[in-house]
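Heads up: the structure comes next, in structure tokens.
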């Protein structure tokens, strides 16, 4: 039986007008057979926010907490804790708090795409993705809130053992969430070199999916994953990134950045150290 996620760590930016991660977490909680506990982490990312005193959105009183955070959670009948952080080390404070809480998943709000060529994603967010001990779900404005179709993005032509381990981790997590929400699971594998074609038989064996749910296509990962996600009307895309032991910090996850930039859906990032 699939274990449900009992501890959700939700990041809230008090300067934002819409709190999409909190909204999504409340919706997702209603889909689970028993209600999880939410840890609401209120903090400002100094890399992405004007922290001067002239920024009125930096000031929040008790009424704001009552109306914006407490009331929606109370209406949903959810158990929750609220933590406010003043740390200038935004990503590290999230990572440490989530670990102390024993979070099963982190819900992180991200801004909309600003263009087709450039995705604005602060360096601290990449550090969080590569250092988190649990999956991080990037919550996108306007993305679908249901979890009926989940797409797992893998790389079965990978030669390095650490990359193969990451494939397994992605598939296991995608299956976990598909079972949790009763969603239809699909897998996508892009490739560029026909001489390095992914082993479709191994894909079928390790995913235990029918051929119709396995998508192997030639092209850049970002373009293929985005195309398949649109074709199957995916609600959530599950992908991976190698942590500091598997990928140098200077690479910053260029492929991951392009994939996230190409998608309008919520994206779950699985870190493999």
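Residue numbers (this note's numbering): 749 to 1021.
Where a beta carbon is used, it is the ideal one built from N, C-alpha and C, also for glycine.
Hey, how far is the Cα of residue i from the Cα of residue j?
i: residue 902; j: residue 840; result: 28 Å
i: residue 766; j: residue 948; result: 42 Å
i: residue 775; j: residue 974; result: 24 Å
i: residue 1000; j: residue 872; result: Confidence at residue 1000 is low in this model, with a pLDDT of 46, below 50, so the placement of that residue should be treated as unreliable; the coordinate-derived value is given next. Using only the alpha carbons, I get a separation of about 11 Å.
i: residue 813; j: residue 853; result: 23 Å
i: residue 772; j: residue 914; result: 26 Å
i: residue 953; j: residue 764; result: 45 Å
i: residue 777; j: residue 889; result: 18 Å
i: residue 979; j: residue 892; result: 15 Å
i: residue 768; j: residue 878; result: 22 Å
i: residue 875; j: residue 886; result: 14 Å
i: residue 802; j: residue 835; result: 20 Å
i: residue 989; j: residue 1020; result: 6 Å
i: residue 922; j: residue 941; result: 26 Å
i: residue 817; j: residue 848; result: 21 Å
i: residue 919; j: residue 884; result: 15 Å
i: residue 961; j: residue 1012; result: 21 Å
Would you call residue i buried or exposed, if buried means 16 or more other Cβ atoms sit within 10 Å of its Cβ?
i: residue 997; result: Note that residue 997 has pLDDT 41, beneath the 50 cutoff, so the model's placement of it is unreliable and no number is given.
i: residue 864; result: At residue 864, the pLDDT of 49 sits below 50, so the modelled position is not reliable and the matter cannot be decided from this model.
i: residue 781; result: exposed
i: residue 959; result: exposed
i: residue 827; result: exposed
i: residue 838; result: buried
i: residue 756; result: buried
i: residue 1016; result: buried
i: residue 1014; result: buried
i: residue 822; result: exposed
i: residue 957; result: buried
i: residue 907; result: exposed
i: residue 995; result: Low confidence applies to residue 995: its pLDDT is 45, below 50, so where it sits in the model is not reliable, and the reading given next is rough at best. Buried is the call here.
Once you ignore the five residues that flank residue i on each side, which residues in its own chain have a CB closer than 8 Å to its CB?
i: residue 976; result: 899, 934, 936, 963, 965 and 982
i: residue 792; result: 761, 762, 763, 799, 806 and 838
Here's a check: name, in chain order, each residue in its chain whose Cβ is nearer than 6 Å to the Cβ of residue i, leaving out the five neighbours to either side.
i: residue 790; result: 760, 762 and 832
i: residue 829; result: 787
i: residue 932; result: 897
i: residue 851; result: 755, 757 and 882
i: residue 857; result: 768, 769 and 887
i: residue 1004; result: 989
Over what stretch of residues does the alpha helix (DSSP H) that includes residue i continue unbroken?
i: residue 914; result: 909 to 929
i: residue 953; result: 948 to 955
i: residue 779; result: 768 to 779
i: residue 821; result: 819 to 823
i: residue 898; result: That residue, residue 898, is in no alpha helix (DSSP H); its beta strand (DSSP E) goes 897 to 902.
Along the beta strand (DSSP E) that carries residue i, what are the first and last residues, could you check?
i: residue 755; result: 755 to 760
i: residue 962; result: 962 to 966
i: residue 853; result: 853 to 857
i: residue 938; result: 932 to 939
i: residue 844; result: Not the beta strand (DSSP E): residue 844 falls in the alpha helix (DSSP H), residues 838 to 849.
i: residue 788; result: 785 to 790
Check whether the Cβ of residue i sits closer than 7 Å to any heavy atom of the ligand FMN, and report yes or no.
i: residue 927; result: Absent from the structure shown: the ligand FMN. Ligands present: none.
Return the chain-ordered list of same chain residues with a C-beta closer than 7 Å to the C-beta of residue i, the five sequence neighbours on each side being excluded.
i: residue 702; result: The question about residue 702 has no answer here: the residues shown for the chain are numbered 749 through 1021.
i: residue 911; result: 903
i: residue 929; result: 779 and 895
Quiz item: Are there three or more Cβ pairs, one per stretch, closer than 8 Å when the segment 977 to 990 is compared with the segment 892 to 903?
Solution: yes
Quiz item: Taking one C-beta from the segment 800 to 819 and one from the segment 841 to 853 each time, how about it: are there three or more such pairs within less than 8 Å?
Solution: no
Quiz item: Counting Cβ pairs, one atom from each stretch, are 3 or more of them under 8 Å apart for the segment 1000 to 1019 and the segment 963 to 979?
Solution: yes
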